[in-house]
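Q: Chains V and E are the protein sequences, given in the same order.
1 is the number of the first residue of the first sequence in the numbering used here; add one for each residue after it.
1001 is the number of the first residue of the second sequence in the numbering used here; add one for each residue after it.
Note that beta-carbon positions come from the ideal geometry of N, C-alpha and C, so glycine has one too.
Next up is a structure, given as structure tokens.
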Amino acid sequence: EAQVTQNPRYLITVTGKKLTVTCSQNMNHEYMSWYRQDPGLGLRQIYYSMNVEVTDKGDVPEGYKVSRKEKRNFPLILESPSPNQTSLYFCASSSRPYREGDTQYFGPGTRLTVL
Amino acid sequence: ILNVEQSPQSLHVQEGDSTNFTCSFPSSNFYALHWYRWETAKSPEALFVMTLNGDEKKKGRISATLNTKEGYSYLYIKGSQPEDSATYLCAFGPGNTPLVFGKGTRLSVIA
């Protein structure tokens, strides 16, 4: 089954404790991205990757890191989480970048709470 | 800053009613317009990707139109059913920056 998986689905942590949210897709997609969803705001892109070893900042990259060492995986790293990073996070992938109009497949979401 | 507006913010309709909502986006530098359906506790699911002015797409009882010159897209649902209850997101894809999402229209269909 074609899918995007994220782990963990739920996480409560404390300020300053490094964490990683994993994202994996099994569709051989080149393009992957991370979004956050906050009440009253649309989905906002954090980082995206056009291919292995190619990553770029989205709209709200501050406080986040990513890596793309393999095509299928695109982990999101919070080196020193803060309460303003409490949010619902989605990973997404597509076979072509958004510019070419290809649909994105979203993961199930990770609800993160930073105390 | 690119802005994508969706209206209405929320909508309650009776089962069987037809309904529509709007996505407005900048009319310059257009590349693609995406519609997603997002059910509570699930992830957004793609409905349509539209790239050409005048595009019309249909999937069952749901259809969408696109006007890139005036910067809007309509999503129509014919004969709404309770399972259509969800948030409908549109996202605008300009040619040189990431997708910009609207805040969504939350649809509730009452049986």
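May I have the straight-line CA-CA distance separating Q37 of chain V from D59 of chain V, to the nearest angstrom?
A: Roughly 12 Å between the two C-alpha positions.
Q: Could you check how far apart the C-beta atoms of P1098 of chain E and Y1031 of chain E are, in whole angstroms? I think they sit under 8 Å.
A: The pair is not a contact, with the Cβ atoms about 11 Å apart (cut-off 8 Å).
Q: So which residues of chain E does P108 of chain V contact, with C-beta pairs closer than 8 Å?
A: Simply K1042 and S1043.
Q: From V54 of chain V to S67 of chain V, what does the alpha carbon distance come to, in whole angstroms?
A: The straight-line gap from Cα to Cα measures roughly 8 Å.
Q: In the structure shown, what three-state DSSP assignment does N123 of chain V receive?
A: Here chain V has residues from 1 to 115 only, and residue 123 of chain V is not among them.
Q: Nearest to T1068 of chain E by CA position, among E:L1107, E:F1048, E:S1028 and E:Y1036, is which residue?
A: When each option's Cα is compared against that of T1068 of chain E, the closest is E:S1028.
Q: Beta-carbon of L88 of chain V versus every beta-carbon of chain E: anything under 7 Å?
A: Judged by the 7 Å Cβ criterion, L88 of chain V is not in contact with chain E.
Q: Does the segment 1072–1081 of chain E come into contact with the segment 102–110 of chain V, if we say contact requires no fewer than three beta-carbon pairs (one atom in each stretch) closer than 8 Å?
A: No, they do not touch.
Q: Counting along the chain, where does the beta strand (DSSP E) carrying P1094 of chain E start and finish?
A: It spans A1086 to P1094 - the beta strand (DSSP E) in which P1094 of chain E sits, taken as one unbroken run.
Q: Would you report the Cα separation of S1108 of chain E and A1091 of chain E, rounded to the nearest angstrom?
A: Roughly 21 Å between the two C-alpha positions.
Q: For the pair the segment 4–12 of chain V and the segment 87–94 of chain V, tell me if three or more CB-CB distances fall below 8 Å.
A: Verdict: yes, contact present.
Q: Cβ of T103 of chain V less than 7 Å from any chain E Cβ?
A: Taking Cβ atoms only, chain E reaches closer than 7 Å to T103 of chain V, which makes this a yes.
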